[in-house]
Amino acid sequence: MNFAFSDDQLALAATVRDVLRAHCPPRAVRDAGLDGDRTPAWPHLAKAGLFGMLVPERHDGMGLGVTDAVLAFEETGRAALPGPVAETVAAAPVLLAAGPAAASSALPGVAAGTTIVSVRLGDQVYAPDADLAHLLILEEDGEVYAVPAAGVRLTPQPGVDPVRRLFAVAFDPSPGTRLAHAVPGALRGVTVAVAAQLIGLARHLLETTVAYARTRRQFGAAVGTFQAVKHQLADVAIAIDFAAPLVYAAALATDRDLPSADRDVSAAKAAAGEAADRAARVALQVHGAVGYTDELDLRLWLARVWSLASAYGNTGLHRSRLRSAILGTPELRRWP
26 MNFAFSDDQL ALAATVRDVL RAHCPPRAVR DAGLDGDRTP AWPHLAKAGL
76 FGMLVPERHD GMGLGVTDAV LAFEETGRAA LPGPVAETVA AAPVLLAAGP
126 AAASSALPGV AAGTTIVSVR LGDQVYAPDA DLAHLLILEE DGEVYAVPAA
176 GVRLTPQPGV DPVRRLFAVA FDPSPGTRLA HAVPGALRGV TVAVAAQLIG
226 LARHLLETTV AYARTRRQFG AAVGTFQAVK HQLADVAIAI DFAAPLVYAA
276 ALATDRDLPS ADRDVSAAKA AAGEAADRAA RVALQVHGAV GYTDELDLRL
326 WLARVWSLAS AYGNTGLHRS RLRSAILGTP ELRRWP
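Using this note's numbering, read the sequence shown as starting at 26 and increasing by one per residue.
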């Protein structure tokens with residue numbers, strides 16, 4: 026079976042990368058953590074079609090699937106893009122399943138990038154970037170609701186990433202905002218999107234660390250020439266190469282609603298989280314103490330890895346689900 030991406034899929038990812046290079050440089054990410062604009066690239070990404078990828082054409086979208094979007098999600102991770110991009114893009118199938126009225130009212134805005142969406146589904150406690158959202162998809166007592174921002178009460182919560190902010194969300198459930206039971210599909214889509222972002226983060230950290238190791242000198246030589254450093258960087262590259270195909274396979278399984286979709290998504294999130302965590306630890310070790318400081322932008326990518334690695338189920342939880350799926354044993358915990 027040929028799992029190679031098409032020219033169109035590669036071109037879309039390249040377009041997103043170019044947009045992010047121009048409109049989401051490290052300075053923009055740093056400013057977002059200092060109460061600056063947290064959606065600096067949003068209008069430009071909307072013009073590139075990112076937010077409408079999963080929106081049907083009849084609602085002004087592109088009518089594509091998660092497989093088409095997965096490389097673009099990688100690029101948003103590589104740039105540590107502020108804002109709930111994964112949640113906004115992945116919300117389209119949920120709103121579509123909710124019925125014609127909900128889809129017609131919300132999806133054109135999602136596709137245009139003018140409707141930002143945050144989600145709190147399953148066992149999630151907090152909603153990411155809820156203060157930026159115009160619409161929140163929330164689960165309460167097994168029911169799913171699409172609630173306008175004016176109908177929720179937000180309480181900021183502490184988090185490791187000053188850019189990706191977490192909020193407790195309170196609202197009054199009502200029949201007018203209740204949607205269909207589309208939670209499994211919604212969790213798959215957003216989890217794959219976050220896994221792809223973790224792959225992008227890991228790639229950026231590896232590239233940054235390799236470049237640093239080539240120029241940082243110690244004991245009269247570049248630290249990148251030391252065998253111990255080479256081996257650690259090679260281990261990161263292997264972890265990324267192992268995890269990325271699992272993410273792509275999970276995207277395909279999600280699009281096709283395969284019986285193995287939940288298992289594949291758990292495998293992808295576990296592997297991507299482990300690869301990104303390894304990349305973060307090696308990056309910090311090679312950079313040394315300066316990696317913690319404000320002097321380098323490295324800390325912004327480290328914080329995003331730590332935040333996303335636990336989002337929609339951490340590595341340990343998804344390994345547990347994967348074990349249960351393979352061995353047929355009861356699940357120990359709900360997902361996410």
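Yeah, the Cβ is synthetic: ideal placement off N, Cα and C, and Gly gets one too. Keep in mind the model is a prediction, meaning the values are calculated, not measured.
Collapsed DSSP secondary structure at residue i in the structure displayed
{"i": "Trp-360", "result": "Low confidence applies to Trp-360: its pLDDT is 47, below 50, so where it sits in the model is not reliable, and the reading given next is rough at best. Trp-360: coil per DSSP, three-state reduction."}
{"i": "Tyr-170", "result": "strand"}
{"i": "Arg-241", "result": "coil"}
{"i": "Ile-162", "result": "strand"}
{"i": "Thr-180", "result": "strand"}
{"i": "Ala-152", "result": "strand"}
{"i": "Phe-192", "result": "strand"}
{"i": "Ser-143", "result": "strand"}
{"i": "Ala-10", "result": "The shown model of the chain, from 26 to 361, leaves out residue 10, and the question about it has no answer."}
{"i": "Arg-63", "result": "coil"}
{"i": "Leu-204", "result": "strand"}
{"i": "Ala-246", "result": "strand"}
{"i": "Thr-233", "result": "helix"}
{"i": "Gly-134", "result": "helix"}
{"i": "Leu-352", "result": "helix"}
{"i": "Leu-342", "result": "helix"}
{"i": "Val-80", "result": "coil"}
{"i": "Gly-58", "result": "coil"}
{"i": "His-29", "result": "Looking at the sequence provided, one finds Ala at residue 29 rather than His. It is coil, neither helix nor strand."}
Whether residue i touches residue j by CB criterion (8 angstroms)
{"i": "Ala-71", "j": "Arg-63", "result": "no"}
{"i": "Val-217", "j": "Ala-276", "result": "yes"}
{"i": "Ile-224", "j": "Gly-147", "result": "no"}
{"i": "Pro-173", "j": "Leu-163", "result": "no"}
{"i": "Trp-326", "j": "Leu-226", "result": "yes"}
{"i": "Val-261", "j": "Val-219", "result": "no"}
{"i": "Thr-202", "j": "Tyr-170", "result": "yes"}
{"i": "Val-41", "j": "Leu-75", "result": "yes"}
{"i": "Pro-125", "j": "Asp-85", "result": "no"}
{"i": "Val-188", "j": "Pro-107", "result": "yes"}
{"i": "Thr-340", "j": "Ala-295", "result": "yes"}
{"i": "Leu-89", "j": "Phe-30", "result": "no"}
{"i": "Leu-271", "j": "Ala-293", "result": "yes"}
{"i": "Asp-280", "j": "Val-91", "result": "yes"}
Environment of residue i [buried if 16+ CB atoms lie within 10 Å]
{"i": "Glu-82", "result": "exposed"}
{"i": "Thr-180", "result": "exposed"}
{"i": "Tyr-317", "result": "exposed"}
{"i": "Phe-98", "result": "buried"}
{"i": "Gln-310", "result": "exposed"}
{"i": "Thr-354", "result": "exposed"}
{"i": "Leu-204", "result": "buried"}
{"i": "Ile-265", "result": "buried"}
{"i": "Ser-143", "result": "buried"}
{"i": "Ala-278", "result": "buried"}
{"i": "Val-315", "result": "exposed"}
{"i": "Arg-324", "result": "buried"}
{"i": "Arg-145", "result": "buried"}
{"i": "Gly-338", "result": "buried"}
{"i": "Gly-298", "result": "buried"}
{"i": "Ala-274", "result": "buried"}
{"i": "Ile-141", "result": "buried"}
{"i": "Gln-222", "result": "buried"}
{"i": "Gly-167", "result": "exposed"}
{"i": "Arg-46", "result": "exposed"}
Contact belief for residue i with residue j at Cβ below 8 angstroms, rounded distance in angstroms
{"i": "Ala-158", "j": "Pro-118", "result": "No, Ala-158 and Pro-118 are not in contact; Cβ-Cβ is about 18 angstroms, not under 8 angstroms."}
{"i": "Ser-363", "j": "His-343", "result": "No statement about residue 363 is possible, as the shown extent of the chain runs from 26 to 361 and does not include it."}
{"i": "Val-112", "j": "Ala-38", "result": "The amino acid at residue 112 is misidentified as Val; the sequence shows Glu. No, Glu-112 and Ala-38 are not in contact; Cβ-Cβ is about 20 angstroms, not under 8 angstroms."}
{"i": "Leu-115", "j": "Leu-79", "result": "Note that residue 115 is Ala in the sequence shown, not Leu. Yes, Ala-115 and Leu-79 are in contact; Cβ-Cβ is about 7 angstroms, under 8 angstroms."}
{"i": "Ala-131", "j": "Leu-120", "result": "5 angstroms"}
Any C-beta of chain D under 8 angstroms from that of residue i
{"i": "Ala-328", "result": "Within the model displayed, chain D is absent; a lone protein chain is all it includes."}
Open item on the list: Whether or not the region 229-241 and the region 276-287 are in contact is what I'm after, with contact meaning three or more pairs of Cβ atoms, one per stretch, closer than 8 angstroms; do they touch?
Closed with: Too few Cβ pairs lie closer than 8 angstroms, so no.
TODO: Count the C-beta pairs between the region 322-341 and the region 295-303 that are closer than 8 angstroms, then say yes if the count reaches three, no if not.
DONE: yes
Open item on the list: Quick check: the region 191-204 against the region 150-157, are at least 3 beta-carbon pairs closer than 8 angstroms?
Closed with: yes
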